[in-house]
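Below is one structure; the comments refer to it alone.
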Amino acid sequence: MMPPGMKDTHIVLIPKCKRPKSLSQFRPISLCNVIYIIASKTIANRLKQILDKIISPAQSAFYPGRLISDNILLAFELNHFLNTKSKRGQGFMALKLDVSKAYDKVEWPFLEQVELEGRIPEVSICRGAPRISHLLFANDTLIFSSASSATSRAILDVLEIYRHASGQELNFVKSSVAFSKNTKSEDHRLIAATLQIRMENKMELYLGLPSKVARSKKDLFATIRDRVWQRISGWNAKLLSQVGKDVIIKSIIQAIPSYAMGCFRLPTTLLSELHRMVAQFWWGNRAVAKFIGSPGTGYVHRSLKVA
Numbered sequence: 466m467m468p469p470g471m472k473d474t475h476i477v478l479i480p481k482c483k484r485p486k487s488l489s490q491f492r493p494i495s496l497c498n499v500i501y502i503i504a505s506k507t508i509a510n511r512l513k514q515i516l517d518k519i520i521s522p523a524q525s526a527f528y529p530g531r532l533i534s535d536n537i538l539l540a541f542e543l544n545h546f547l548n549t550k551s552k553r554g555q556g557f558m559a560l561k562l563d564v565s566k567a568y569d570k571v572e573w574p575f576l577e578q579v580e581l582e583g584r585i586p587e588v589s590i591c592r593g594a595p596r597i598s599h600l601l602f603a604n605d606t607l608i609f610s611s612a613s614s615a616t617s618r619a620i621l622d623v624l625e626i627y628r629h630a631s632g633q634e635l636n637f638v639k640s641s642v643a644f645s646k647n648t649k650s651e652d653h654r655l656i657a658a659t660l661q662i663r664m665e666n667k668m669e670l671y672l673g674l675p676s677k678v679a680r681s682k683k684d685l686f687a688t689i690r691d692r693v694w695q696r697i698s699g700w701n702a703k704l705l706s707q708v709g710k711d712v713i714i715k716s717i718i719q720a721i722p723s724y725a726m727g728c729f730r731l732p733t734t735l736l737s738e739l740h741r742m743v744a745q746f747w748w749g750n751r752a753v754a755k756f757i758g759s760p761g762t763g764y765v766h767r768s769l770k771v772a
């Protein structure tokens, strides 16, 4: 047992958007005591020896060797299967579930038990491919199954058991369901009403990246360009030395697109815009948004080497 006050923390609310209007638009971050952090790190290191035995293979978090990109690519392939399946036959659906308490999560043993009973059929995107029913990463959960009222009721039973056992509840505002093209419209409405969540034509984002790439990749990844511009325009380049700019470019600006580039190949036009923005920041041009008269990226690379 720790002494009283050792586990006290300061909770800071970080806004997720520019003008938050509700508590759900804030991200809580706990500032813990140093001794508490050391104790929790010690326990975590001891648990590493048995994590592979107690964490489901579908859970990509909290275990070394499992990458977040694995879940992103699997979700992309499965959503591509849903959007291209237009032949007659059994329809499929993808449920994007968000748990209201993000700090208490690892795996769903109840979901595995229902799968063993055959109440939630799995999805296979092609012949010989492994059958997948769910992907877990922290509190972001994707469930893939056949689109039927029986399956939706089985999923509701699982969520109800999970709610009573863990004290967590489903966030209906952030949860959604998408269907394959061959699913009947009446099934859309029936399943959405049974699950009490909204319908989507496609899953927009999963773990911060698009789960489906449209024809215009430049528009799809425009948020990366906007984030880089917001970072650059917020600094006064004239007050920074060349070494300071070098550190900012390497540690902050280059890190923004690296997450998406680990899974997707970004358009050449988008990369060119990012290069021009970095070049203007390097040479001290404060009118970043105009993209006028920017020097070639070769100058930036040579200057970085000199710095």
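Those letters in the sequence shown? Residues 466 to 772, by the numbering used here.
Positions of the beta carbon are idealized from the N, C-alpha and C atoms, including for glycine.
Asp563 is positioned such that its CB atom lies closer than 9 Å to that of Thr606. According to DSSP, residue pairing for Leu532 in a beta bridge does not occur. Taking Lys486 as the centre and dropping the five residues before and after it, the same chain places no C-beta closer than 7 Å to its C-beta. Straight-line measurement puts the Cα of Val743 at about 7 Å from the Cα of Ile714. Here DSSP, grouped into helix, strand and coil, assigns Pro493 to strand. Each residue's CA atom was taken as its position, placing Gln695 and Ile718 some 10 Å apart. Less than 9 Å separates the beta-carbon of Ile620 from that of Ile608. When Ser521, Lys472, Pro493 and Lys552 are compared, the shortest CA-CA separation from Ile503 is found for Lys472. Around the beta carbon of Gly530, fewer than 16 other beta carbons sit within 10 angstroms, so the residue counts as exposed. CA-CA distance, Val693 to Pro722, rounds to 9 Å.
Beta-carbon to beta-carbon, Ser617 and Leu660 are separated by about 5 Å, close enough to satisfy the 8 Å threshold. Straight-line measurement puts the Cα of His545 at about 45 Å from the Cα of Asn498. Between the C-alpha atoms of Thr688 and Phe746 there is a straight-line separation of about 19 Å.
The beta-bridge partner set that DSSP reports for Ile479 consists of Arg492. For Leu560, the closest alpha carbon among the candidates Leu624, Leu704, Asn647 and Gly727 is that of Leu624. In this structure, the alpha-carbon of Ala630 lies about 36 Å from that of Lys646. DSSP places Ala643 within a strand segment (E or B) once states are collapsed to three. Sequence-distant partners of Cys728 (beyond 5 residues in either direction) whose C-beta falls short of 7 Å from its own C-beta, in its chain, are Ser534, Ile537, Leu538 and Leu674. Taking C-beta atoms under 8 Å as the contact rule, Thr648 and Ala615 fail to qualify, at a distance of about 14 Å. Between the alpha carbons of Pro732 and Lys481 lies a distance of about 27 Å. The C-alpha of Gly554 is placed about 18 Å away from the C-alpha of Leu655.
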